[in-house]
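Colleague: Before we start, here is the structure in question, set down as structure tokens.
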Amino acid sequence: MIAAVLLLWTCIFFIILLLKSRRPKNFPPGPPVLPVLGNILQLNPEDPLKDFERLRKSYGNVYSLYFGLKPAVVINGFEAIRTALVTKANDFAGRPQNMLVNEVTERKGVILANYGSSWKDQRRFALMTLRNFGMGKNSMEDRIHGEIKYIMGTLEKNNGKIFSPQLMFHNAASNIICQVLFGTRFEYDEEFIRVIISCFTDLARMVNGPWAVLYNSFPLIRGLPLPFNKAFQRFGSCKNLINVELNKHEKTRIPGEPRDFVDCYLDEMDKRADGGSSFSVDKLTSYAIDLHFAGTDTTSNTLLTGFLYLSTHPHIQERCQQEIDSVLGAKDRASFEDRHNMPFMQAVIHEVQRLANTVPLSVFHATTKDTELMGYSIPKGTMIIPNLTSVLNEEGQWKFPHEFNPENFLNDKGEFVKPEAFMPFSAGSRMCLGESLARMELFLIMVTLLRKYKFSWPEDAGEPDYTQVFGVTQTPKPYRMKVQLRTAQ
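Right, here's the structure in full:
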């Protein structure tokens with residue numbers, strides 16, 4: 000009798016699981032769903048991008064997958080992604096909750112915060128403050144050029160040598176965002192820079208890795224002592240370092256005379272102290288981590304991709320240098336405004352960004368209400384995965400979708416043009432906050448370095464490998480290049 004009851008309950012349990020995993024009416028199609036597991040066995044957790052493309056060929060530009068019992072909709076192609084993120088931005092502006100990355104960051108930052116009035120308020124403040132840092136005496140350009148001097152110092156020491164640029168670019172990108180956030184820079188061997196870059200690198204790999212997939216798919220394993228716990232430890236290390244800097248600011252700042260982003264935020268907290276504001280020190284800590292992470296990894300990985308391609312395509316590098324020499328002449332340094340007179344350099348930088356594909360799956364979205372996309376019905380709260388890779392190499396959107404070719408951004412007259420399908424910063428209301436800073440950094444750093452140095456692929460290094468290492472942010476595999484002072488400028 001007991002055996003019969005157990006068998007009955009087991010059957011009921013599996014029927015419930017099957018029903019929970021069944022796609023709702025008019026939901027986007029997708030591969031068959033296994034009970035409990037969903038579709039996780041059909042994706043390579045180390046790098047699912049090829050699997051996403053394979054499924055796209057079978058099920059179209061809008062299809063669904065199950066991570067355990069959770070449904071997700073993967074959006075591919077320019078038309079579908081633009082419709083979701085731009086045309087119907089409010090419907091798709093949410094963030095999925097109860098995932099490893101949300102739990103680790105405590106949902107207090109601006110990148111992963113759910114859609115609503117508090118998020119809008121925080122984002123509006125960030126955009127306005129970052130825009131203000133583009134002007135004035137200690138402008139964004141000055142901060143970037145200040146850090147470029149240290150990059151040049153590293154290159155000077157390595158002149159005529161073969162070296163690895165990874166740490167140099169990570170340190171520089173981190174220090175630029177430190178100057179924006181905290182009004183200070185750190186020596187490359189200081190604990191703050193060493194630890195925080197190490198933490199960011201680990202977190203970028205972990206929160207989209209195999210253990211994150213298991214954490215997100217099977218809530219019952221969350222209390223177990225498994226490797227995903229390292230993500231909480233690494234985030235805690237970041238938080239402690241940031242809090243030390245915030246404590247220094249609270250002791251040294253003069254209200255109403257902001258030196259940097261943190262001072263601006265603390266001033267805003269003072270202004271709103273009486274009105275139940277969403278601004279708080281806790282939020283500021285997460286905010287600083289968000290901006291620091293986004294401003295470090297994406298820019299440094301794009302620079303690494305850029306110099307990998309430039310060192311292996313000498314004819315493109317030489318053409319860049321000819322244009323730089325012609326435009327800058329005897330000027331002491333490049334300014335961001337010079338980009339308007341450098342169409343080929345602009346084309347190269349954008350082509351590097353296209354192929355770097357630094358955030359290949361954007362940051363996952365969620366629907367804020369029951370909505371419709373490309374004829375399919377998508378319920379409120381559904382996880383949305385915008386596959387930006389599918390846009391950045393989409394046939395029909397690019398002249399040369401699968402190769403490094405600046406002609407993708409030049410018209411027949413040699414003028415710079417930016418196709419609508421160029422969206423490495425995502426699109427719509429959740430578009431990357433630091434786009435303007437990243438664009439300025441990439442232009443000023445690449446132009447300044449190419450003006451003075453020649454970069455080449457070592458003769459004994461074998462064939463270059465352009466394969467990206469998958470993560471929340473992608474990066475090229477570690478490589479070495481030769482740097483030489485240019486003889487004729």
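The opening residue of the sequence shown carries number 0 in numbering that gives the first Met the number 0; numbering runs sequentially from there.
All residues carry an ideal CB built from backbone N, CA and C; glycine is no exception.
At least one CB of chain B closer than 8 Å to the CB of GLN41: is that the case?
Modeller: Looking for chain B here will not work: only one protein chain is present.
Colleague: Work out the CA separation of ALA171 and GLU146 for me, nearest whole Å.
Modeller: The residue you call residue 146 lines up with position 147 of the sequence shown. The residue you call residue 171 lines up with position 172 of the sequence shown. Cα to Cα, GLU146 sits roughly 6 Å from ALA171.
Colleague: Where does THR128 sit, in a helix, a strand or coil, going by DSSP?
Modeller: Residue mapping note: residue 128 aligns to position 129 of the sequence shown, counting from 1. Helix.
Colleague: Assuming the contact rule is C-beta atoms closer than 8 Å, ILE74 and PRO385 should be a hit. Round their C-beta distance to whole Å, please.
Modeller: As a position in the sequence shown, residue 74 is number 75, starting the count at 1. As a position in the sequence shown, residue 385 is number 386, starting the count at 1. That belief holds up - the Cβ atoms of ILE74 and PRO385 are roughly 5 Å apart, short of 8 Å.
Colleague: Is the segment 427-437 close to the segment 315-325, with three or more CB pairs under 8 Å?
Modeller: The segment 427-437 vs the segment 315-325: no contact.
Colleague: PHE399: buried (16+ other C-beta within 10 angstroms of its C-beta) or exposed?
Modeller: Within the sequence shown, numbered from 1, the residue matching residue 399 stands at position 400. By the neighbour-count rule (16 or more Cβ atoms within 10 Å), PHE399 is not buried but exposed.
Colleague: Label GLY413 either buried or exposed according to how many other C-beta atoms from any shown protein chain fall within 10 Å of its C-beta, with 16 as the threshold for buried.
Modeller: Within the sequence shown, numbered from 1, the residue matching residue 413 stands at position 414. The residue in question, GLY413, is exposed, as its Cβ has fewer than 16 Cβ neighbours within 10 Å.
Colleague: Jot down the residue ranges of each uninterrupted alpha helix (DSSP H) in the segment 278-302, minimum 4 residues, whole runs only, in chain order.
Modeller: Complete alpha helix (DSSP H) runs here, min 4: none at all.
Colleague: Taking Cβ positions, are CYS263 and PRO254 nearer each other than 8 Å?
Modeller: Numbered from 1 along the sequence shown, position 264 holds the residue referred to as residue 263. Numbered from 1 along the sequence shown, position 255 holds the residue referred to as residue 254. No. Outside cutoff.
Colleague: Which residues bound the beta strand (DSSP E) around PHE454?
Modeller: Here residue 454 is taken as the residue at index 455 of the sequence shown, counted from 1. Per DSSP, PHE454 belongs to the beta strand (DSSP E) from 452-455.
Colleague: Could you check where the beta strand (DSSP E) with PHE66 kicks off and where it finishes?
Modeller: Position 67 of the sequence shown, counted from the start, is the residue given in the question as residue 66. Note, PHE66: beta strand (DSSP E), 61-66.
Colleague: For ALA460, which residues does DSSP report across the bridge?
Modeller: Numbered from 1 along the sequence shown, position 461 holds the residue referred to as residue 460. DSSP output for ALA460 lists no bridge partner at all.
Colleague: Based on the DSSP secondary-structure assignment, which residues constitute the bridge partners of TYR375?
Modeller: For the purposes of this step, residue 375 is taken as the residue at position 376 of the sequence shown. Answer by DSSP bridge pairing, in chain order: LEU372.
Colleague: Quick one: grab the DSSP three-state call for LYS69.
Modeller: The residue you call residue 69 lines up with position 70 of the sequence shown. Three-state DSSP puts LYS69 in a strand.
Colleague: Is the Cβ-Cβ distance between VAL326 and ALA287 less than 8 Å?
Modeller: For the purposes of this step, residue 326 is identified with residue 327 of the sequence shown, where counting begins at 1. For the purposes of this step, residue 287 is identified with residue 288 of the sequence shown, where counting begins at 1. No, the Cβ-Cβ distance between VAL326 and ALA287 is not below 8 Å.
Colleague: Going by DSSP, what residues sit across from HIS364 in a beta bridge?
Modeller: Position 365 of the sequence shown, counting from 1, holds the residue named residue 364. HIS364 is bridged to ILE383.
Colleague: Could you work out which residue in THR466, THR472, ILE444, VAL390 is closest to ARG81 when comparing CA atoms only?
Modeller: For the purposes of this step, residue 81 is taken as residue 82 along the sequence shown, with counting starting at 1. Among THR466, THR472, ILE444, VAL390, the Cα nearest to that of ARG81 is on VAL390.
Colleague: Shortest alpha-carbon distance to ARG332 belongs to which of ASN404, PRO378, VAL446?
Modeller: Working through the sequence shown from its first residue, we reach residue 332 at position 333. It is VAL446.
Colleague: Whose C-alpha, out of THR284, THR104, PHE217, TYR214, is nearest the C-alpha of GLN232?
Modeller: Here residue 232 refers to the residue found at position 233 when the sequence shown is read from its first residue. When only C-alpha atoms are compared, the closest one is THR104.
Colleague: How many whole angstroms separate the CB atoms of ALA203 and GLY470, which I take to be in contact at a CB cut-off of 8 Å?
Modeller: Translated into positions along the sequence shown, residue 203 becomes position 204. Translated into positions along the sequence shown, residue 470 becomes position 471. Indeed, because the Cβ distance is near 4 Å, the residues count as touching under 8 Å.
Colleague: If we count the other Cβ atoms within 10 Å of its Cβ and call it buried at 16 or more, is GLY328 buried or exposed?
Modeller: Within the sequence shown, the letter at position 329 stands for residue 328. When all chains shown are included, GLY328 counts as exposed.
Colleague: Going by alpha carbons, who is nearest to VAL362 out of TYR65, LEU245, PHE424?
Modeller: Sequence index remark: in the sequence shown, residue 362 carries index 363 (1-based). For VAL362, the nearest C-alpha among the options comes from PHE424.
Colleague: What distance in whole Å lies between the Cβ atoms of GLN483 and ASN158, which are believed to be in contact at a cut-off of 8 Å?
Modeller: Reading the sequence shown from its first residue, position 159 is the one you call residue 158. Reading the sequence shown from its first residue, position 484 is the one you call residue 483. Their Cβ separation, rounded to whole angstroms, is 7 Å, which keeps ASN158 and GLN483 in contact under 8 Å.
Colleague: Give a yes or no on contact between the segment 472-482 and the segment 147-166, applying the rule of three or more CB pairs nearer than 8 Å.
Modeller: Yes: the two stretches touch, three or more of their Cβ pairs being nearer than 8 Å.
Colleague: Measure from the alpha carbon of MET422 to the alpha carbon of each residue in GLU78, ASN113, THR295, SER63, then state which is nearest.
Modeller: Mapped onto the sequence shown, residue 422 falls at position 423. It is GLU78 whose Cα lies nearest to the Cα of MET422.
Colleague: Tell me the rounded alpha-carbon separation between CYS10 and HIS349.
Modeller: Working through the sequence shown from its first residue, we reach residue 10 at position 11. Working through the sequence shown from its first residue, we reach residue 349 at position 350. Here the model assigns CYS10 a pLDDT of 39, short of 50, so the residue's position is not dependable, and the following value carries that caveat. Their backbone Cα atoms lie some 56 Å apart in a straight line.
Colleague: Hey, how far is the Cα of GLY115 from the Cα of THR128?
Modeller: One-based indexing of the sequence shown puts residue 115 at position 116. One-based indexing of the sequence shown puts residue 128 at position 129. Taking the straight line from one Cα to the other gives about 20 Å.
Colleague: Could you check what DSSP says for GLN320 in three-state terms: helix, strand or coil?
Modeller: Stepping through the sequence shown from its first residue, residue 320 is reached at position 321. Here GLN320 sits in helix by DSSP.
Colleague: Buried or exposed: which applies to ARG485, given that a residue is buried once 16 or more other Cβ atoms fall within 10 Å of its Cβ?
Modeller: Taking the sequence shown and counting its residues from 1, the one referred to as residue 485 is at position 486. By the neighbour-count rule (16 or more Cβ atoms within 10 Å), ARG485 is not buried but exposed.
Colleague: Given LEU42, which residues of its chain have a CB within under 7 Å of its CB, disregarding the five upstream and five downstream residues?
Modeller: Your numbering for residue 42 matches position 43 in the sequence shown. Same-chain partners within the cutoff: ASP50.
Colleague: Distance, Cα to Cα, SER299 vs ARG21?
Modeller: As a working note, residue 299 is residue 300 in the sequence shown. As a working note, residue 21 is residue 22 in the sequence shown. Taking the straight line from one Cα to the other gives about 42 Å.
Colleague: So, for ASP201: in the same chain, excluding its five sequence neighbours on each side, which residues have a beta-carbon less than 6 Å away from its beta-carbon?
Modeller: Position 202 of the sequence shown holds residue 201. These residues qualify, in order along the chain: ARG233.
Colleague: The alpha helix (DSSP H) that contains LEU265, what's its start and end?
Modeller: On the sequence shown, position 266 is the one that residue 265 refers to. Where LEU265 is concerned, the enclosing alpha helix (DSSP H) stretches over 260-270.
Colleague: Roughly how many angstroms lie between the CA atoms of GLN321 and PHE181, to the nearest whole one?
Modeller: In the sequence shown, residue 321 corresponds to position 322, counting from 1. In the sequence shown, residue 181 corresponds to position 182, counting from 1. Rounded to the nearest angstrom, the two C-alpha atoms are 37 Å apart.
Colleague: Distance, Cα to Cα, ASN174 vs MET268?
Modeller: The sequence position of residue 174 within the sequence shown is 175, counting from 1. The sequence position of residue 268 within the sequence shown is 269, counting from 1. Going from the Cα of ASN174 to the Cα of MET268 covers about 25 Å.
Colleague: Who are the Cβ neighbours of ALA437 in its own chain at under 7 Å, not counting the five residues just before and after it?
Modeller: Mapped onto the sequence shown, residue 437 falls at position 438. Excluding residues within five positions, the ones whose Cβ falls inside 7 Å are THR297, THR298.
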